[in-house]
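Undergrad: Quick one: the structure is below, and I'll ask about it shortly.
Residue numbers (our numbering): 56 to 211.
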């Protein structure tokens, strides 16, 4: 009688082992399938993430490029406007300077003309003084001139 309970216990343990082994195999298969599924999902997610990251980088690069070009265009436009303004100021200042120079040249030409006329008068006066000097170097002419001058003074 003592064998019967031990034998029953051995049969029960053997049955339990068979049941566990039968259940373990499907669980292992299920676990393997889940692992493969997770692995595939992880690969797919990594691939999607890499693709999304590449797309995001491309969009970011495009946005940065567009913003850079807009900035450069804006700076270029402002430089051109400032350059046009400076050119206008320079043209105005050059025109004013040219006008002042022309007026100055006109004044110099006018003064030179007056100086030429004065020089001509001085030459004539010098010639007349030279002739008067020649006349007054002769004693008879000097006396006649003195008498003429005295008579004019007395008549006045």
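Glycine residues also receive a C-beta, built at the ideal position from the N, C-alpha and C atoms. Keep in mind that this is a model prediction, so the values were computed, not measured.
Just to confirm before moving on: does the CB-CB distance between residue 197 and residue 191 stay below 8 Å?
TA: Cβ atoms of residue 197 and residue 191: closer than 8 Å.
Undergrad: Using the Cα positions of residue 99 and residue 112, report the straight-line distance between them to the nearest angstrom.
TA: If you take the alpha carbons of residue 99 and residue 112, they lie about 20 Å apart.
Undergrad: Whole angstroms are fine: how far does the CA of residue 116 sit from the CA of residue 141?
TA: Their Cα atoms are separated by approximately 37 Å.
Undergrad: State the Cα-Cα distance for the pair residue 179 and residue 185, rounded to the nearest angstrom.
TA: Cα to Cα, residue 179 sits roughly 10 Å from residue 185.
Undergrad: Can you tell me the Cα-Cα spacing of residue 209 and residue 173, whole angstroms?
TA: Residue 209 and residue 173: Cα-Cα distance of roughly 34 Å.
Undergrad: According to DSSP, is residue 57 helix, strand or coil?
TA: Here residue 57 sits in coil by DSSP.
Undergrad: How many angstroms separate the CA atom of residue 135 from the CA atom of residue 144?
TA: Answer to the nearest angstrom: the Cα atoms are 14 Å apart.
Undergrad: Expressed to the nearest angstrom, what Euclidean distance is found between the alpha-carbon atoms of residue 103 and residue 84?
TA: The alpha-carbon atoms of residue 103 and residue 84 are separated by roughly 28 Å.
Undergrad: Where residue 108 and residue 124 are concerned, what is the direct C-alpha to C-alpha distance, given to the nearest angstrom?
TA: Cα-Cα distance, rounded: 24 Å.
Undergrad: Run through DSSP, which three-state label would residue 186 get?
TA: Helix at residue 186.
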